[in-house]
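Peer 1:
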Amino acid sequence: MTIEHTLSIIKPDATRRNLTGAINAKFEGAGLSIIATRRLHLTQAQAEAFYAVHAHRPFFKDLVSFMISGPVVAQVLAGEGAILKNRDIMGATNPANAEPGTIRKEFAESIEANSVHGSDSPEAAAQEISYFFAGIDIVK
Ligand code: ADP
Ligand code: MG
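Each residue of the sequence shown is one higher than the one before, starting from 0 at the first, in numbering that gives the first Met the number 0.
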């Protein structure tokens with residue numbers, strides 16, 4: 000295994016309920032390090048650009064509205080196999096299908112308001128990290 004970087008977003012349903020610390024405890028408890036972090040309130044154009052890959056999905060408009068309904072916390076997580084490890088810690092997209100102990104099982108409100116985003120491949124991780132962070136923002 001090699002050290003990977005992945006992009007995580009704590010979504011508005013979770014920041015609204017003050018769950019940033021509880022969610023970060025899951026990442027850190029599983030051995031992922033937070034090497035960059037930034038709280039921001041996305042504009043519609045920024046959310047649409049971030050989720051452009053889903054632009055033709057029926058839920059796209061609702062997803063963008065949800066993602067701009069409050070602040071998010073964008074973070075770079077680092078660790079051995081961080082991309083897949085983060086996806087495991089997150090749990091399935093639909094919290095009804097998520098494993099016990101995962102973030103989405105414990106905290107998600109619905110398949111849409113599911114508390115966290117995580118990159119799903121090395122290519123996506125590189126692209127999504129560069130969307131939110133400059134090199135100087137990321138601890139070496
Ligand atoms: P994941 O976040 O697990 O990688 P996707 O990339 O498929 O899932 O979808 C991106 C986001 O879009 C999901 O995290 C969720 O917020 C929303 N979403 C996915 N599928 C649906 C759906 N069927 N209805 C409403 N929202 C959805
Ligand atoms: Mg995805």
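Note that CB positions come from ideal geometry on N, CA and C, so glycine has one too. Quick caveat, the model's predicted, so the values are computed rather than measured.
Just to check, is the beta-carbon of PHE58 closer than 7 Å to a non-hydrogen atom of ligand 1?
Peer 2: Numbered from its first residue, the sequence shown carries residue 58 at position 59. Yes, ligand 1 has a heavy atom inside 7 Å of this Cβ.
Peer 1: On the DSSP bridge assignment, give the partners of GLU3 in chain order.
Peer 2: Here the question's residue 3 lines up with position 4 in the sequence shown. Partner(s): GLY78.
Peer 1: If we count Cβ pairs, one from each stretch, closer than 8 Å, do we get three or more for the region 72-91 versus the region 119-127?
Peer 2: Touching, yes.
Peer 1: Would the C-beta of HIS55 count as close to ligand 1, meaning under 7 Å from any of its heavy atoms?
Peer 2: For this step, residue 55 is matched to residue 56 along the sequence shown. No; taking the cut-off as 7 Å, the Cβ of HIS55 has no heavy atom of ligand 1 nearer than that.
Peer 1: Please give the ranges of any beta strand (DSSP E) in the region 39-110, keeping only runs that are unbroken, at least 3 residues long and fully inside the region.
Peer 2: Those beta strand (DSSP E) runs which fall completely within the region 39-110 and span 3+ residues are 71-79.
Peer 1: Tell me whether ARG103 is buried or exposed, calling it buried when 16 or more other Cβ atoms sit within 10 Å of its Cβ.
Peer 2: Position 104 of the sequence shown, counted from the first residue, corresponds to residue 103. Label assigned to ARG103: buried.
Peer 1: Between which two residues does the beta strand (DSSP E) containing GLY20 stretch?
Peer 2: Counting from one through the sequence shown, the residue named residue 20 turns up at place 21. GLY20 -> not in any beta strand (DSSP E); alpha helix (DSSP H) instead, spanning 19-28.
Peer 1: Starting from THR36, follow its DSSP beta bridges and name the residues at the other end.
Peer 2: Counted from its first residue, the sequence shown places residue 36 at position 37. Looking at the DSSP assignment, THR36 forms a beta bridge with GLN74.
Peer 1: What does DSSP give as the partner residues of VAL115 in its beta bridges?
Peer 2: Counted from its first residue, the sequence shown places residue 115 at position 116. In DSSP, VAL115 forms a bridge with ILE9.
Peer 1: Give the secondary structure of PHE132 by DSSP, where H, G and I count as helix, E and B as strand, and everything else as coil.
Peer 2: By 1-based counting over the sequence shown, the position of residue 132 is 133. Note: PHE132 maps to coil in three-state DSSP.
Peer 1: Exposed or buried, GLY20, counting other C-beta atoms within 10 Å across all chains shown (16 or more means buried)?
Peer 2: Position 21 of the sequence shown, counting from 1, holds the residue named residue 20. It counts as exposed.
Peer 1: Measure the C-alpha to C-alpha separation of PHE106 and ASN23 and round it to an integer number of angstroms.
Peer 2: Position 107 of the sequence shown holds residue 106. Position 24 of the sequence shown holds residue 23. Their Cα atoms are separated by approximately 12 Å.
Peer 1: Going along the chain, which residues of its own chain have a beta-carbon closer than 8 Å to the beta-carbon of PHE65, five neighbours each way excluded?
Peer 2: Along the sequence shown, one-based indexing puts residue 65 at 66. Excluding positions up to five away in sequence, the list reads LYS10, PRO11, ASP12, GLU111, ALA112.
Peer 1: Please say whether ARG38 and PRO70 have beta carbons closer to each other than 8 Å?
Peer 2: For the purposes of this step, residue 70 is identified with residue 71 of the sequence shown, where counting begins at 1. For the purposes of this step, residue 38 is identified with residue 39 of the sequence shown, where counting begins at 1. Contact flag set, yes.
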